Amino acid sequence: MKKRTFALTPRAATRLRFAAILGVLGPGLVSGFADNDAGGITTYSLAGARFGYDLLWVLLASQIVLFFTQEVGARLGLATGQGLAGLVRERYGVRWAAFMVSTMLIANLGSIVAEFAGCAVALGLLNVPIVVSEILAATVVVLLLTRGSYRRVQYLFVAVGIGVSLAYFVSAVLAHPDWGLAASSLVVPRLSSDSLYWIAVVATVGTTITPWGQAFIQSYVADKRLGPEDLIGERLDVGLGALLTNVIALFIVVASAAAVYAVGIKVDPNSPEAVKHIAGALTPLAGQGATYLFAIGLLAASFLGLGVVPLTSAYAACEAFGWETGVDWRLREAPAFYGLMIFFVAFAALFVLIPGLPLIQVMFFAQVGNALLLPFVLVFVMLLSSQKDLMGPLVSGRFLLTVGWIGTALLVVLSVILVATSVLGL
Amino acid sequence: MLYLSQVIGRPVRDNLGESIGKVADLIVAVGDRYPPVTGLVVNNNGREIFLHWQAVTSLDAGGATLGNMAIDISRFRQRPDEIRLKRDLMDKQIVDIDGRKVVRVNDLRLDEVEGALHLVAVDVGASGVLRRLGIEGQWRTIAHGFRREVPERYIDWEDVDPVERSIASVKLRVPHKGLAELHPADLATIIDQLSRSDRVGVIASLDDEAAADAIGEMEPETQVEVLEDLEPERAADILEEMDPDEAADLVADLSDESRVEILGLMEKEEADEVQELMTYGEYTAGGIMTTEFVAVPATLTAAQTIDRLRDLEPDAETIYYVYVTDSDERLVGVLSLRDLIVSKPEKVISTFMYDEPVALRTDASQEEVTEVVARYNLLAVPVVDAEGRLEGIVTVDDAMDTLLPQPSKRRLPRLFNRDAGAAER
Chain A
18 MKKRTFALTP RAATRLRFAA ILGVLGPGLV SGFADNDAGG ITTYSLAGAR FGYDLLWVLL
78 ASQIVLFFTQ EVGARLGLAT GQGLAGLVRE RYGVRWAAFM VSTMLIANLG SIVAEFAGCA
138 VALGLLNVPI VVSEILAATV VVLLLTRGSY RRVQYLFVAV GIGVSLAYFV SAVLAHPDWG
198 LAASSLVVPR LSSDSLYWIA VVATVGTTIT PWGQAFIQSY VADKRLGPED LIGERLDVGL
258 GALLTNVIAL FIVVASAAAV YAVGIKVDPN SPEAVKHIAG ALTPLAGQGA TYLFAIGLLA
318 ASFLGLGVVP LTSAYAACEA FGWETGVDWR LREAPAFYGL MIFFVAFAAL FVLIPGLPLI
378 QVMFFAQVGN ALLLPFVLVF VMLLSSQKDL MGPLVSGRFL LTVGWIGTAL LVVLSVILVA
438 TSVLGL
Chain B
6 MLYLSQVIGR PVRDNLGESI GKVADLIVAV GDRYPPVTGL VVNNNGREIF LHWQAVTSLD
66 AGGATLGNMA IDISRFRQRP DEIRLKRDLM DKQIVDIDGR KVVRVNDLRL DEVEGALHLV
126 AVDVGASGVL RRLGIEGQWR TIAHGFRREV PERYIDWEDV DPVERSIASV KLRVPHKGLA
186 ELHPADLATI IDQLSRSDRV GVIASLDDEA AADAIGEMEP ETQVEVLEDL EPERAADILE
246 EMDPDEAADL VADLSDESRV EILGLMEKEE ADEVQELMTY GEYTAGGIMT TEFVAVPATL
306 TAAQTIDRLR DLEPDAETIY YVYVTDSDER LVGVLSLRDL IVSKPEKVIS TFMYDEPVAL
366 RTDASQEEVT EVVARYNLLA VPVVDAEGRL EGIVTVDDAM DTLLPQPSKR RLPRLFNRDA
426 GAAER
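As structure tokens, this is what we get:
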């Protein structure tokens, strides 16, 4: 019997999803783009301005590892239709899920703080007081995320991001860099006894491959309801995303190396002058306007990151603990989800307001923190991707598994070196 | 009362107190209202031993004790109606039929019922997570200090429906019976929360009509995904059960390949109707109308018409209006159910029907439809072709859909859709 009445039947409610917020770009592309967030731009600029072309090999290496980690993440999403936190919960129980999620949330909180520091620095260059810029940024972000209107404005941030990337490209060309040296630095690793150099190495890795990026790609792929048949498309998407990040990062480093490092300015991330110095990478293109151009780019980059990281964090926590009960875009129906998101944003915005905080250094060290915590997340990704009963035909083959574990091992080694050199002073 | 998390990892001793391993899992037989525990899985130095429940004399938070019967460690075969609590249910997603949402299993609650241990409820509250993390007591103390309660939430096993994948290794005959009783709109919301493979599993367990109703309530984009993931024969069966106007909208959105295949598998009559509806513009009266209406010749009596209604009711979208057509199927009049019931049974309907019915052409715009429905306070408006032949009706709820904001109707281009992937292969 059909129970049809003339009452207006409620349409199935929109549920919390990335796809609904982040819209139409491929998961890999969004992830790649968001990699060049405030922390990314700052780290790449610092790397080039302080160490010239020396860190280019790290850039290339981490982009290659990025491709493989993102590919595994996407494959997990395609095969299981689940996010990372949910899978860890199902496969390894509550304790491991709680461990992984809290590790990730700590790293993400650092990233969100970095994004807000980026907003503060950018608007500071435009003479906006920090209190005003933080309140403004936090309000805008919460409104955009909770009203689900992020999709519409993300184009703006992406457009500005592309514009600024082009600006770095032009600026790099105009600065007459030593292309030969740049090319050789890209493939020949350079070692140093300078501890700041190793911190910069770790930060460069940490801003490229991130815990949130890992959770993000998987949830996004799952949320878009892509399936095993989309494997080729997703690999292409992820590859394109990694390549894009790489090219943009490359030109930021080259422009900074040629326009700042080469003219003999020694950037100290600790000093208040650091911002002006790293903005100088755009001087060949914009002259006196370089600072403003840098500010606009940094602001867009911050918002690009803010659209992704709080969302990913809240999503992961809700997934792990079964709070994914929000089926509607209303606050009271998904209190945990919105509560967490707002908490992250508010905490980060308030944190940045601590008087006398060296903002550039905060952004930089958030990336270091990301790199240190990354292995804990990657280990789960690698373990899950090798389980045949979970992955079916998409299970990691011997090649991908070897590459993945080598990448993870390298990250662990790097983190250990860093902790040994800087903390223990060995 | 016992929680699964309290017994997992506890020692298993024989009747002499000798330890033979640790509790690895419990096995229950589903089917009953509260599934009884039928077996114990013991972890003996990494090796799993299956014990029949009769061998167990006691089980509590201290561990399990076995009786004095000889332990039969011959491999205990898991029967089709049995599930392992830890492996198959713990931490998995389940559908809370009562709350109509998808939740995660934090713990499982066992109770003595009529002298035997049964699975009675699923713990989905915060207290379950805290217990698993081993900090329930401490947390309660802290919460008490703030005069707050630790939220406890249980779902009675009867209101639980395991999500397909979590029990993929077990073919259950029982589950999903509860799902079919949900309102289609709630079912659609639940299905929308599941991953693709789970969705197919849930749909597979519903009968065609329930599946059709649920799919009808989904977002257009989800509808297409679900339909394309199903076996084409099954998709065709479900489409036949849907209202032709909904089916036509859906079929129009399918990829060319699936559309041809699925239409080919449908009953000819239904497929023709759907194809005819697809020829109308999406935002016209023809595009939103349904072809399931009641039309009778003017020569019938009131009693005969009511008999006809009885026969046709299951298929027609509305029976509040009966349309009267001539031999060329041209619309000549309309009757309301009320007219029929209050008239004398032997009266011929042409004598009391309303013979100047309001009707719209198939190419009338959606806005015109809404306007006419609103102006004349109609529950449905008939749609006719250029010659005045009755082609279908638009019911008030379909007409009102145009008034509601429909962001999802706006199709967004996808960078990597299924078609692109298929082409590359």
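Here the protein sequences come in this chain order: A and B. Numbering-wise, the numbering used here comes out as the position in the first sequence, counting from 1, plus 17. Numbering-wise, the numbering used here comes out as the position in the second sequence, counting from 1, plus 5. Note that the Cβ used here is the ideal one computed from N, Cα and C, for glycine as well. If you're wondering where the values come from, they're calculated on a predicted model, not measured in any experiment.
- Bounds of the beta strand (DSSP E) holding P167 of chain B are 165-167.
- A straight-line Cα-Cα distance of about 16 Å links L270 of chain B and L255 of chain B.
- When secondary structure is reduced to three states using DSSP, T43 of chain B falls in the strand class.
- Here the alpha carbons of S212 of chain A and A272 of chain A stand approximately 24 Å from one another.
- Judged by their CB atoms, L56 of chain B and L90 of chain B are not nearer to each other than the 8 Å cut-off.
- In chain order, S263, E266, I267, L270 place their CB closer than 8 Å to the CB of P237 of chain B, counting only its own chain and leaving out the 5 sequence neighbours on each side.
- Rounded to the nearest angstrom, the gap between the Cα atoms of A365 of chain A and E119 of chain B is 56 Å.
- The beta-carbon of T97 of chain A is placed less than 8 Å from the nearest beta-carbon of chain B.
- At a cut-off of 8 Å between beta carbons, S263 of chain B makes no contact with chain A.
- Taking C-beta atoms as the reference points, L95 of chain A and V238 of chain A count as a pair closer than 8 Å.
- At a Cβ-Cβ threshold of 8 Å, A137 of chain A and A312 of chain A do not count as neighbours.
- Using a CB distance cut-off of 8 Å, A115 of chain A counts as an interface residue toward chain B.
- Any Cβ of chain B closer than 8 Å to the Cβ of F354 of chain A would place that residue at the interface, and such an atom is absent.
- Only S10 from the stretch 8-35 of chain B bring a Cβ to less than 9 Å from some Cβ of chain A.
- Listed by position along chain B, the residues whose Cβ is nearer than 9 Å to that of F338 of chain A are R109, N111, A131, V134.
- The way I'd put it, the stretch 284-304 of chain A doesn't touch the stretch 92-106 of chain A; fewer than three beta-carbon pairs between them come closer than 8 Å.
- Note that the C-beta distance between T295 of chain B and T400 of chain B is below 8 Å.
- L9 of chain B places its beta carbon less than 8 Å from that of D112 of chain B.
- Chain A has a Cβ within less than 8 Å of the Cβ of K97 of chain B.
- Going by DSSP, I423 of chain A is part of no beta strand (DSSP E) but of the alpha helix (DSSP H) stretching over 415-435.
- E246 of chain B is a Cβ neighbour of E214 of chain B, given a cutoff of 8 Å.
- In chain order, D96, R109 make up the part of chain B whose C-beta sits under 8 Å from the C-beta of R106 of chain A.
- Going by DSSP, T86 of chain A is part of the alpha helix (DSSP H) stretching over 73-97.
- Annotated as proximal: D360 of chain B and G338 of chain B, with beta-carbon spacing under 8 Å.
- Put simply, the CB of L138 of chain B is near chain A, with a gap under 8 Å to one of its CB atoms.
- With 16 or more neighbouring CB atoms inside 10 Å of its own CB, K97 of chain B falls in the buried class.
- The C-alpha of E88 of chain A lies about 11 Å from the C-alpha of G258 of chain A.
- It is roughly 15 Å from the alpha-carbon of G386 of chain A to the alpha-carbon of Q231 of chain A.
- From the listed residues B:I220, B:L192, B:E351, B:M405, the smallest Cα separation to E373 of chain B is found for B:M405.
- For W144 of chain B, same chain residues with a beta-carbon under 8 Å away, outside a window of 5 residues either side, are L135, V155 in chain order.
- At least one C-beta of chain B is nearer than 8 Å to the C-beta of A239 of chain A.
- Contact of G110 of chain A with chain B is assigned, a C-beta pair being separated by under 8 Å.
- Any Cβ of chain A closer than 8 Å to the Cβ of S341 of chain B would place that residue at the interface, and such an atom is absent.
- The three-state reading of DSSP puts G68 of chain B in strand, counting E and B together.
- At least one C-beta of chain B is nearer than 8 Å to the C-beta of G244 of chain A.
- Within its own chain, the residues whose Cβ lies closer than 6 Å to the Cβ of G286 of chain B, once the five positions on either side in sequence are excluded, are G292, listed in chain order.
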